[in-house]
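The structure under discussion appears below in the form of structure tokens.
In this note's numbering, the protein residues as written are 1 to 771.
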């Protein structure tokens with residue numbers, strides 16, 4: 001058995017060992033790991049702020065802006081900085097024992113009673129009048145005013161010294177009455193009402209009403225602050241007592257998290273808050289960017305729109321490992337590697353192109369984020385002298401397009417007249433391509449898009465508004481579709497397709513499965529009815545007599561092209577030539593879309609008995625306006641070149657091989673006669689197209705049998721000799737036929753070019769130099 005002395009020695013040894021372990025641990029922390037913990041302490045006192053770059057501009061070919069970044073300013077606030085009284089007073093009500101809320105609620109939760117609030121304004125008066133008096137009074141100190149008395153000692157004892165100091169900073173004091181041994185609660189009006197002073201001052205500057213402290217009224221300044229406090233309560237509160245563990249998170253949210261107070265404030269409010277920041281505690285001006293589109297709906301189908309990265313895209317970036325989130329990085333380490341990371345990484349706050357050129361050239365437009373390491377004090381306030389140099393953002397590249405703004409506006413206005421509230425069509429689209437460098441082609445490459453418009457469409461500047469987006473998304477006319485390129489439903493080209501039928505017959509016609517191309521002088525006698533078995537289907541409106549291919553194009557004789565399709569062609573030959581002219585496949589325009597959405601429809605197998613329908617562009621072929629414009633551009637260029645449409649970067653044209661030069665010459669002559677011939681489908685004086693030098697083809701495709709509405713087409717090139725432009729116009733669901741519905745739009749397009757070169761577009765008497 002151990003003696004007492006032995007036991008004392010063992011106990012002393014244990015204490016010595018523990019002391020040595022403690023000394024060793026302190027040595028390890030203070031000496032060996034000193035640098036590590038010193039760096040951790042530095043990291044805690046630093047915060048990395050990202051700087052959003054300016055997105056590049058979209059420009060028309062003459063430098064006019066189609067899309068650009070626009071700077072605006074928001075007001076944000078922190079709950080602790082702005083000092084909303086419902087938070088402080090509700091806590092005081094609870095602690096002092098006068099709160100009407102159940103006592104079992106978590107201590108940190110904000111209750112909803114307003115007893116102290118009522119006492120305050122019973123003594124001081126209405127907040128608006130009181131704030132006016134305080135603003136008029138130049139005394140910065142002010143006097144204290146008692147609002148509650150007879151607070152018992154046991155109630156006062158619940159207030160800790162730290163809490164009392166915080167209350168004093170916010171203008172709340174307690175005073176002991178020696179006689180009654182009770183406490184009184186006093187407030188300093190200027191400090192306890194600093195939120196009112198700030199918000200009422202901002203009301204006049206920002207034009208947003210002050211309102212009442214009701215969270216539901218988030219359209220007022222006071223309501224937004226109350227909503228912010230309620231949001232913190234909802235997120236960090238609740239009946240679960242384990243939520244107390246999130247107390248520090250809640251306090252951090254109240255102290256650091258910034259919430260929106262006023263959006264897009266005027267410049268006078270910006271300068272006032274910046275230069276008199278002492279009058280607006282807890283309020284800060286934030287510079288933000290948004291995308292502006294000066295032409296609005298006029299060019300919406302071309303520009304598309306950009307908006308902040310949405311949740312699904314951010315999630316996909318995170319899964320791909322390209323999302324850069326500063327909170328998961330060491331601030332110093334991220335700053336050192338930032339120049340490399342920002343080039344291949346993505347950020348939560350990025351603007352992303354969604355449609356049109358914004359999406360197609362997003363990588364060039366987006367720019368590179370900047371970063372700055374901010375040293376802060378223990379209250380997360382930036383230090384006056386920052387030891388770190390910022391990494392400046394890199395602005396995105398400007399993208400210049402081939403769009404002619406004046407022409408684009410003319411085309412859009414003309415479509416509005418045809419398809420607007422008082423127009424005859426339900427929807428429409430139009431495309432104008434350049435075939436000559438003088439009108440916008442780059443490096444002598446034909447196919448530059450001078451104008452591309454459609455209706456219905458959308459205002460890209462409003463697409464970030466959820467209400468507007470939902471309205472556009474659910475509109476029956478489907479405005480989100482780029483109708484000239486990939487419409488919601490591809491229309492049949494109707495009689496415009498007869499141009500391709502004529503080319504196919506003159507190049508690859510057959511008789512009894514033997515090659516026998518159609519000669520331009522061959523004739524066919526139109527007797528109104530093509531096939532007695534299908535009298536109501538295959539017929540002309542009138543008998544055209546004996547016609548050749550040029551005359552058939554002039555008067556748009558259905559029977560002639562029924563004959564060619566059924567007796568001189570088959571589906572394979574016709575589809576092959578249609579594909580050569582761009583039908584049934586993507587156009588190649590530099591806009592992002594799937595091939596399936598651009599392809600349209602082109603049948604390769606059709607029973608020979610059904611070929612007459614194929615021959616007039618019905619049922620078996622469907623095409624976009626851009627596909628039709630591309631096909632007539634190839635005819636206008638004289639054969640051999642099929643332009644690839646482009647808005648920014650030119651693409652070399654494709655090659656079409658012809659065996660006979662007379663083929664294209666005959667088709668071009670037929671298109672000229674549409675305007676000049678006595679039976680031309682667009683030659684009527686009332687249509688207004690007769691004075692112009694051009695080659696055109698009209699078309700009318702019935703939407704469904706038994707309905708009296710059509711797809712109305714006109715397509716062609718101008719001037720007739722040495723064409724500079726090609727065009728295609730389609731009006732959907734109109735009771736009018738091709739030339740009637742589309743001629744007013746084409747007239748305005750040709751007038752625009754005729755003002756620049758009247759000698760070429762208005763040659764005077766037919767048969768003159770420009771004819």
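Backbone N, C-alpha and C define an ideal beta-carbon position, used for all residues, glycine too.
Excluding five sequence neighbours on each side, which residues of the same chain lie with their C-beta closer than 8 Å to the C-beta of residue i?
i           : result
residue 677 : 551, 554, 555, 683
residue 240 : Low confidence applies to residue 240: its pLDDT is 41, below 50, so where it sits in the model is not reliable, and the reading given next is rough at best. The answer is none, since no qualifying residue turns up.
residue 505 : 517, 518, 549, 564, 568, 569
Residues in its own chain within less than 7 Å of residue i by CB, not counting five upstream and five downstream?
i           : result
residue 662 : 520
residue 259 : 76, 77, 228
residue 419 : 425, 426, 427, 428, 455, 731
residue 627 : 582, 583, 587, 600
residue 540 : 526, 528, 557, 558, 559
DSSP three-state label for residue i, please.
i           : result
residue 622 : strand
residue 776 : Because the chain spans 1 through 771 in this model, residue 776 falls outside it and cannot be assessed.
residue 780 : In the structure as shown, the chain begins at 1 and stops at 771. Residue 780 is therefore absent and cannot be evaluated.
residue 771 : Residue confidence for residue 771 is low, a pLDDT of 42 falling below 50, so the modelled location carries little weight; the figure read from the coordinates is stated next. Residue 771 falls in the coil class under three-state DSSP.
residue 389 : coil
residue 671 : helix
residue 583 : coil
residue 316 : helix
residue 64  : coil
residue 573 : helix
residue 402 : coil
residue 417 : helix
residue 242 : Residue placement at residue 242 is poorly supported in this model, since its pLDDT is 42, which falls under 50; the coordinates still yield a value, given next. The answer is helix: DSSP assigns residue 242 an H, G or I state.
residue 73  : strand
Please report the distance separating the alpha-carbon of residue i from that of residue j.
i           : j           : result
residue 734 : residue 207 : 47 Å
residue 168 : residue 218 : 30 Å
residue 226 : residue 403 : 49 Å
residue 515 : residue 610 : 21 Å
residue 646 : residue 287 : 36 Å
residue 475 : residue 668 : 41 Å
residue 7   : residue 27  : 30 Å
residue 184 : residue 223 : 31 Å
residue 473 : residue 465 : 12 Å
residue 90  : residue 96  : 10 Å
residue 212 : residue 231 : 17 Å
residue 50  : residue 370 : 6 Å
residue 307 : residue 366 : 12 Å
residue 71  : residue 396 : 15 Å
residue 335 : residue 390 : 9 Å
Buried or exposed for residue i, going by 16 or more other Cβ atoms inside 10 Å?
i           : result
residue 242 : Confidence is the limiting factor: at residue 242 the pLDDT is only 42, short of 50, which leaves the residue's position unreliable, though a coordinate-based value still follows. It is exposed - the Cβ of residue 242 has fewer than 16 other Cβ atoms within 10 Å.
residue 355 : buried
residue 719 : buried
residue 448 : buried
residue 458 : buried
residue 146 : exposed
residue 429 : buried
residue 701 : buried
residue 392 : exposed
residue 14  : exposed
residue 189 : buried
residue 319 : exposed
residue 94  : buried
residue 10  : exposed
residue 19  : exposed
residue 272 : buried
residue 498 : buried
residue 151 : buried
With a threshold of 6 Å on Cβ separation, who are the neighbours of residue i within its own chain once the five nearest residues in sequence on each side are excluded?
i           : result
residue 748 : 410, 414
residue 687 : 739, 743
residue 139 : Reliability fails at residue 139, whose pLDDT of 49 lies under 50, so the model's placement of it is uncertain and no value is given.
residue 681 : 556, 674, 698, 739
residue 344 : none
residue 220 : 209, 211
Any beta strand (DSSP E) of 3 or more consecutive residues that is wholly inside the stretch 596-665: none
Unbroken stretches of the alpha helix (DSSP H), 4 residues or longer, contained in the stretch 432-519: As far as the stretch 432-519 is concerned, its whole alpha helix (DSSP H) runs of at least 4 residues are 466-474, 498-508.
At 4 residues or longer, what runs of the alpha helix (DSSP H) sit wholly inside the stretch 138-204? 153-156, 161-169, 189-192
For a minimum of 3 consecutive residues, which ranges assigned as the beta strand (DSSP E) are wholly contained in the stretch 518-547? 524-526, 545-547
Report the start-end ranges of each beta strand (DSSP E) in the stretch 335-359 that is 3 residues or longer and not cut off at the edges. Those beta strand (DSSP E) runs which fall completely within the stretch 335-359 and span 3+ residues are 351-353.
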